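> Sequence lines, in order, name chains A and B.
Residues in the first sequence are numbered consecutively from 23, following my numbering.
Residues in the second sequence are numbered consecutively from 24, following my numbering.
We put the CB at the ideal spot given by N, CA and C, even for glycine.
Predicted model, so just to flag it, every value in this text is computed and none were measured.
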Amino acid sequence: MVLKVSEIPEEEMMLSGTRLCSGCGLQLAYRWALKALGPKTIVTNPASCSTVCGGVGGYTPLKVPVFYCCFETVAANAAGAAAALKAKGQDKDIVVLAWAGDGGTYDIGFQGLSGASERGDNFIFACVNNQAYMNTGIQRSGATPYGAKTTTTPILGKQQMNKNMLKIMEAHGLSYIAQTSTSHPRDIYEKFQKAREFNGKGVRYIEILGTCPPGWGFPTDKSIELARLAVQTGYWPLLERIEGKLVISSPSKRYMDKTKRKDIREFLKGQSRFRHLKEADFKIWEDYIDGMWEGIRLELEKQGDL
Amino acid sequence: MVRTKQDDAFEKNVARTILASMQTPAVGEAGNTGEWRTMRPILHNDLCIVVKSGKPTCHLCWMYCPEITVSREIPPVFNYTYCKGCGICATECPTKAIEMVPEKEAPSCEGNEGGEF
Ligand SMILES: Cc1ncc(C[n+]2csc(CCOP(=O)(O)OP(=O)(O)O)c2C)c(N)n1
Ligand code: SF4
Ligand code: SF4
Ligand code: SF4
Ligand SMILES: [Mg+2]
């Protein structure tokens, strides 16, 4: 279902004039996630570019309360806030959002997220995946994809694949898991609303691809175009896993067919972090994408959805 | 557990500290971020879908602007005080109704930027 513009509230939870870079994909994601959840939201946020967004002094562009916590503790803080709301009988009314970067999710914040997921603490965990530790100057993370140059992989680019976070979260048996991209604000909006509907059903995990002009090396105006290419090449499928069942979101359905997918080179060649890649590297990317979709196909077949 | 006077004082102190560190929502937290801009988006009304149809159909510029500096009006209006000039709105506009022009040549530029060096 594609929402009409008139069906989307005009009210924003973020105000103009933030500290984030021009063309920041994370900012667009933050804007739409908060728009979907509305004013009755409490955010917990570990050190990341999103923290910079929150402002450095007595003012903030964010209209919802945000608790800025230690890097490792975003999920623990969210669990505490959710428990307090439950004790006060306000858990139906107010939603808790843990909003973290990929470093705060895949690596440093992982034990907290895993523990909260296992305990079934009641909050939404969102990871804005810009594929490196951007706020401290583009260091490699567990989410950095193969081949990407970062300041800690400056010569050859990263030699390992990224972690498969969706599979890891799937193994935790969450009620709702979703993947979305800054190229699809309506999809972000709908998925956060959906996640809220699963209130009371433990941690709900949403991962958003957040384009980053300085970190990825592309002109600011290409921020959305690149996020869209990630979807169109099949690299970043928009999907949901509802109570364990895999559902491919409508913009990504057609990419089940390999011939409909754009060449991954189109995505890679637009970014300076991949400029050094050779044919053999492109092959690794192609195999990664093909393998992922083969897995998706097998699973949908098993579910009887194909 | 018995509550002591010290407990009360401690809690009051914690509450005071939290309240003191509370922020107030405001536009322009980072100042007038429009000053970062080197290119300025301008709208060509004759190409814009919502202007031509009079209906709120497109508004992709509003949807994709990270800075929330394009309004959802007909015609869309830019907030040049905070627009950082990223150019996303111009790139995403399906009819190329938005043009990025160098800041100094923009028709309504106040001319207070890029002074002499
Ligand atoms: C325990 C700890 N280690 C390191 C840091 C320094 N630090 C602050 S933000 C940041 C990078 C965050 O990366 P990520 O979570 O991916 O978010 P992004 O900035 O990319 O949005 C780091 C390493 C810290 N604040 N705390
Ligand atoms: S470094 Fe990247 S993620 Fe961070 S504010 Fe800049 S564009 Fe956004
Ligand atoms: S140039 Fe960028 S910041 Fe300015 S209105 Fe367009 S999308 Fe928004
Ligand atoms: S994206 Fe272009 S056509 Fe659509 S409303 Fe904005 S200016 Fe008009
Ligand atoms: Mg990051």
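1) Which residues neighbour ligand 3 when neighbourhood means a C-beta less than 6 Å away from any of its non-hydrogen atoms? List them by chain order.
2) If you scan the segment 86-159 of chain A from start to end, which runs of the alpha helix (DSSP H) of 4 or more residues do you find wholly inside it?
3) Report the partner residues of A/Y229 according to the DSSP bridge assignment.
4) Please confirm whether any heavy atom of ligand 1 lies closer than 6 Å to the CB of A/M187.
5) So, for A/A329: in the same chain, excluding its five sequence neighbours on each side, which residues have a beta-carbon less than 7 Å away from its beta-carbon?
6) Please state the DSSP three-state secondary structure of A/K267.
7) Could you give the DSSP three-state label for B/P99: helix, strand or coil?
8) Which residues in chain A sit within 8 Å of B/R95, going by Cβ to Cβ distance?
9) Check whether chain A comes within 7 Å of B/I91, counting only Cβ atoms and requiring the distance to be less than that.
10) In whole angstroms, what separates the C-alpha of A/D209 from that of B/M24?
11) Regarding B/M62 and ligand 2, is the C-beta to nearest heavy atom distance less than 6 Å?
12) Does the separation of the CB atoms of A/G134 and A/T73 fall below 7 Å?
13) Considering B/R122, what are the terminal residues of the beta strand (DSSP E) in which it resides?
14) Alpha carbon to alpha carbon, how far is A/M150 from A/A200?
15) With a CB to CB cut of under 8 Å and the five nearest residues on each side skipped, what residues in its chain are close to B/G137?
16) Would the segment 96-111 of chain B and the segment 61-73 of chain A be scored as touching if the rule is three or more Cβ pairs under 8 Å?
17) Would you call the segment 57-66 of chain B and the segment 48-67 of chain A in contact, with 3 or more CB pairs under 8 Å?
18) Would you mind telling me which residues of chain A sit closer than 8 Å to B/P48, beta carbon to beta carbon, in chain order?
19) For B/K35, would you say it is in contact with chain A, using Cβ-to-Cβ distances shorter than 7 Å as the test?
20) Quick one: which chain B residues come within Cβ less than 9 Å of A/K291?
21) For B/P89, count neighbouring C-beta atoms within 10 Å of its own C-beta (all shown protein chains included) and say buried if the count is 16 or more, exposed if not.
22) What is the residue span of the beta strand (DSSP E) that B/T62 lies within?
23) Would you mind working out which of A/K324, A/E247, A/P236, A/K171 sits nearest A/D303, comparing C-alpha positions?
24) Are the segment 181-195 of chain A and the segment 249-259 of chain A touching, with three or more C-beta to C-beta distances below 8 Å?
25) Measuring only the C-alpha atoms, how far is A/G77 from A/F296?
26) If you run the structure through DSSP and keep just helix, strand and coil, what is B/P117?
Taking the structure as given:
1) B/P64, B/C88, B/E90, B/T92, B/V93, B/F101, B/C106, B/K107, B/G108, B/C109, B/G110, B/I111, B/C112
2) 96-109, 132-141
3) As a position in the first sequence, residue 229 of chain A is number 207, starting the count at 1. According to the sequence displayed, residue 229 of chain A carries Glu and not Tyr. A/C149, A/Q201.
4) The residue labelled residue 187 of chain A in the question sits at position 165 within the first sequence. Checking the Cβ of A/M187 against ligand 1 gives no.
5) This structure leaves residue 329 of chain A out entirely; chain A is present only between 23 and 328.
6) Numbered from its first residue, the first sequence carries residue 267 of chain A at position 245. Correct three-state label for A/K267: strand.
7) Mapped onto the second sequence, residue 99 of chain B falls at position 76. Here B/P99 sits in coil by DSSP.
8) Indexing the second sequence from 1 puts residue 95 of chain B at position 72. Within chain A, the residues near B/R95 are V27, E32.
9) Taking the second sequence and counting its residues from 1, one reaches residue 91 of chain B at position 68. It does: the Cβ of B/I91 has a partner Cβ on chain A nearer than 7 Å.
10) As a first step, residue 209 of chain A must be located in the first sequence, where it is residue number 187. As a first step, residue 24 of chain B must be located in the second sequence, where it is residue number 1. Answer to the nearest angstrom: the Cα atoms are 50 Å apart.
11) Counting from one through the second sequence, the residue named residue 62 of chain B turns up at place 39. No, the beta carbon of B/M62 sits no closer than 6 Å to any heavy atom of ligand 2.
12) For the purposes of this step, residue 134 of chain A is identified with residue 112 of the first sequence, where counting begins at 1. For the purposes of this step, residue 73 of chain A is identified with residue 51 of the first sequence, where counting begins at 1. Cβ distance not < 7 Å, so A/G134 and A/T73 don't count as in contact.
13) Position 99 of the second sequence, counted from the start, is the residue given in the question as residue 122 of chain B. Here the sequence assigns Glu to residue 122 of chain B, which means Arg is not the residue at that position. 121-125 is the extent of the beta strand (DSSP E) around B/E122.
14) Residue mapping note: residue 150 of chain A aligns to position 128 of the first sequence, counting from 1. Residue mapping note: residue 200 of chain A aligns to position 178 of the first sequence, counting from 1. Note that residue 150 of chain A is Val in the sequence shown, not Met. The alpha-carbon atoms of A/V150 and A/A200 are separated by roughly 12 Å.
15) Working through the second sequence from its first residue, we reach residue 137 of chain B at position 114. Per-residue confidence for B/G137 stands at a pLDDT of 41, beneath the threshold of 50, marking its modelled position as unreliable; no derived number is given.
16) no
17) no
18) Mapped onto the second sequence, residue 48 of chain B falls at position 25. Ordered by position in chain A, the residues that pass the 8 Å Cβ test against B/P48 are L37, Y81, T82, P83, L84, K85.
19) On the second sequence, position 12 is the one that residue 35 of chain B refers to. No, because no Cβ of chain A sits closer than 7 Å to the Cβ of B/K35.
20) Start at 1 with the first residue of the first sequence, and residue 291 of chain A comes out as number 269. Ordered by position in chain B, no residue passes the 9 Å Cβ test against A/K291, which lies about 17 Å from the chain.
21) Along the second sequence, read from residue 1 onward, the residue named residue 89 of chain B stands at position 66. The residue is buried, with at least 16 neighbouring Cβ atoms inside 10 Å.
22) Looking up residue 62 of chain B in the second sequence gives position 39. For the sequence presented, residue 62 of chain B should be read as Met rather than Thr. Its beta strand (DSSP E) spans residues 62-66.
23) One-based indexing of the first sequence puts residue 303 of chain A at position 281. Per the Cα distances, A/K171.
24) no
25) Sequence index remark: in the first sequence, residue 77 of chain A carries index 55 (1-based). Sequence index remark: in the first sequence, residue 296 of chain A carries index 274 (1-based). Roughly 32 Å separates the two Cα atoms.
26) For the purposes of this step, residue 117 of chain B is taken as residue 94 along the second sequence, with counting starting at 1. The answer is coil: DSSP assigns B/P117 none of H, G, I, E or B.
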